[in-house]
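In this note's numbering, the protein residues as written are 63 to 135.
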């Protein structure tokens, strides 16, 4: 996630990094640590990812346990 200051005081533009290939794309729409470092705000929203697969692409299922686990919708 890139963070850019705008000409209006205290207004930031948050731009997600998008990774694309022939299968589709993946993006991390929000990252708590990057947001906190850029704004000083400690929000409770940790991370948001989005992906889109091209027709016919088969994606694997993911599972992660433990203290750094992630849930998938």
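Using N, Cα and C, we set each Cβ at its ideal position, and we do this for glycine too. Note that the coordinates shown come from a computational prediction; the quantities given were computed from them, not determined experimentally.
The straight-line gap separating the alpha-carbon atoms of residue 122 and residue 70 is approximately 43 Å. A contact is defined here as three or more CB-CB pairs under 8 Å, and the stretch 96-106 fails this definition with respect to the stretch 77-86. In the displayed model, residue 112 falls within a strand according to three-state DSSP. Here the C-alpha atom of residue 67 lies approximately 36 Å from the C-alpha atom of residue 128. Of the residues 119, 120, 85 and 92, the one whose Cα lies closest to the Cα of residue 109 is 92. As for any alpha helix (DSSP H) of minimum length 4 sitting wholly inside the stretch 73-101, the runs are 94-101, ordered along the chain.
When DSSP reads this structure, residue 65 sits in a beta bridge with 76.
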